[in-house]
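Colleague: Before anything else, here's the structure in question.
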Amino acid sequence: MHYTCPSCGAINRIPDDKQQQQGTCGRCKSDLFTGHPLELNDADFQRFIAKNDLPVLVDFWASWCGPCKMMAPIFTQVCGQMQHKVRFAKVNTEVAQHTSAQFAIRSIPTLILFHQGREVDRLAGALPAPQLTQWINQALSKI
Ligand SMILES: [Zn+2]
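Written as structure tokens, this is what we have:
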């Protein structure tokens, strides 16, 4: 399995049977499974989406958006529970304007699940943790 380092962006190869364990980056030695979503911008978005063998769930948000702020701790909580199945990432739509336009983000928060660079499913609006987990599992079943 290929796993992009959240700290330096290096692509690490992890044996599939080690997925449940902790892993460290071969280049910078930092923890690969931090339990926190990764911030992506226009410069690193495509590479991160395409170079991960795990599906990537992206939260498109903005600092002025109230529901986004409610969603943030829920997103981090679910990330901690599902980080060995799904990569969690956040895109600030005010900063990453090119990426937000590319995926036609019209309402925020919008969540998009990607697999091997392709959009699998998307959700507009905030959800409580149990419903979010349910939606992710449902989206994963479409891969
Ligand atoms: Zn690294």
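Count along the sequence shown starting at 1, add 1, and that's the number in this note's numbering. Don't be surprised by glycine CBs; every beta carbon is placed ideally from N, CA and C. None of the values given here were measured: they were computed from a predicted structure.
In whole angstroms, what is the alpha-carbon distance linking N138 and G126?
Modeller: Counting from one through the sequence shown, the residue named residue 138 turns up at place 137. Counting from one through the sequence shown, the residue named residue 126 turns up at place 125. Rounded to whole angstroms, N138 to G126 spans 17 Å at the Cα level.
Colleague: Within 10 Å of its beta-carbon, does W65 have 16 or more other beta-carbons around it, so buried, or fewer, so exposed?
Modeller: Position 64 of the sequence shown, counting from 1, holds the residue named residue 65. Result: exposed.
Colleague: Considering only residues of the same chain and omitting the five flanking positions on each side of D43, which have a CB-CB separation below 6 Å?
Modeller: Stepping through the sequence shown from its first residue, residue 43 is reached at position 42. Excluding residues within five positions, the ones whose Cβ falls inside 6 Å are A97, H99, T100.
Colleague: At a threshold of 7 Å, does S8 count as lining ligand 1 (C-beta to nearest heavy atom)?
Modeller: Counted from its first residue, the sequence shown places residue 8 at position 7. S8 Cβ: within cutoff of ligand 1.
Colleague: Using DSSP's beta-bridge definition, name the partner residues of K91.
Modeller: Translated into positions along the sequence shown, residue 91 becomes position 90. For K91, the beta-bridge partners assigned by DSSP are E40, D60.
Colleague: Over what stretch of residues does the alpha helix (DSSP H) that includes R48 continue unbroken?
Modeller: Residue mapping note: residue 48 aligns to position 47 of the sequence shown, counting from 1. That run of the alpha helix (DSSP H) goes 46 to 51.
Colleague: Can you name, in chain order, every residue of its own chain whose Cβ lies under 8 Å from the Cβ of C29, other than the five neighbours on each side?
Modeller: Here residue 29 refers to the residue found at position 28 of the sequence shown. Sequence-distant Cβ neighbours of C29 in its own chain, meaning closer than 8 Å and more than five residues away, are C6, S8, C9, A11.
Colleague: With a threshold of 6 Å on Cβ separation, who are the neighbours of K86 within its own chain once the five nearest residues in sequence on each side are excluded?
Modeller: As a position in the sequence shown, residue 86 is number 85, starting the count at 1. Excluding residues within five positions, none has a Cβ falling inside 6 Å.
Colleague: Note the first and the last residue of the continuous beta strand (DSSP E) segment covering H116.
Modeller: Position 115 of the sequence shown, counted from the first residue, corresponds to residue 116. From DSSP, the beta strand (DSSP E) with H116 extends over 111 to 116.
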